[in-house]
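Just so we're aligned: the sequence shown equals residues -20 to -1, 1 to 108 in mature numbering (1 follows the signal peptide of the UniProt record, and there is no 0).
C-beta: ideal position from N, C-alpha, C; glycine also.
Computed from a predicted model, the values in this text were never measured in an experiment.
Following: one structure in structure tokens, then a few remarks.
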Amino acid sequence: MVGLCLSLFLVLIFSSPIVALTSSTVQQCQVEIYNETLHFRHCLDHSISIQTTRCRGQCYSEEELVYDWEQTSTYRRYKRNFHCCVPKMTEAHETLVRCQNKQFQTVRYRLVTQCECKPCGDKCSEYF
């Protein structure tokens, strides 16, 4: 009877799907609005702040252990599949800054309008 209960217990453990709970604060890959502080040498003695966008959030990634049974039962390697949250589309924007000498300086920057999850190898890098 004990053997039957133990066998049934092991079957239930190994056949039950593992459920992972996620926090409600986890965000999908999406555009985020934020303030960027800019400093201008030879123009202003103070910094200014502009509202711009960036990609932020999580993308699907996995790492799995792969065994090579043809070599030895202990030979294994890791297979990695990483995705990074990166800009998909951007728009060119510019703003004029009036310097202390009354001259204007044009500041050019790009606003992210769409984000996507893209494969990024072993580490995430910039996609600009």
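Expected contact under 8 Å - CB spacing of residue i and residue j to nearest Å
i, j, result
"E71", "C9", "At roughly 18 Å, the Cβ-Cβ gap does not stay under 8 Å, so E71 and C9 are not in contact."
"R21", "E43", "Wrong, their Cβ atoms sit about 45 Å apart, outside the cutoff."
"C23", "Q85", "5 Å"
"I77", "I28", "The question names Ile, yet the displayed sequence has Val at residue 77. At roughly 7 Å, the Cβ-Cβ gap stays under 8 Å, so V77 and I28 are in contact."
Endpoints, the beta strand (DSSP E) within which residue i is located
i, result
"S41", "That residue, S41, is in no beta strand (DSSP E); it is neither H nor E in DSSP."
"K68", "63 to 78"
"Q10", "10 to 18"
Buried versus exposed call for residue i [16 or more other C-beta atoms within 10 Å across all chains shown]
i, result
"P99", "exposed"
"T33", "buried"
"residue 113", "No information on residue 113 is available, as it lies outside the stretch -20 to 108 that the chain covers here."
Secondary structure of residue i, DSSP reduced to three states
i, result
"C94", "The sequence given here places Gln at residue 94; Cys does not occur at that position. In this structure, Q94 counts as strand in the three-state DSSP scheme."
"C35", "strand"
"S27", "coil"
"F84", "strand"
"R21", "coil"
8 Å Cβ cutoff met for residue i and residue j
i, j, result
"E74", "V87", "yes"
"residue 110", "H63", "Summary: the structure shown does not reach residue 110, with the chain confined to residues -20 through 108, and so no result is reported for it."
"K68", "Q94", "yes"
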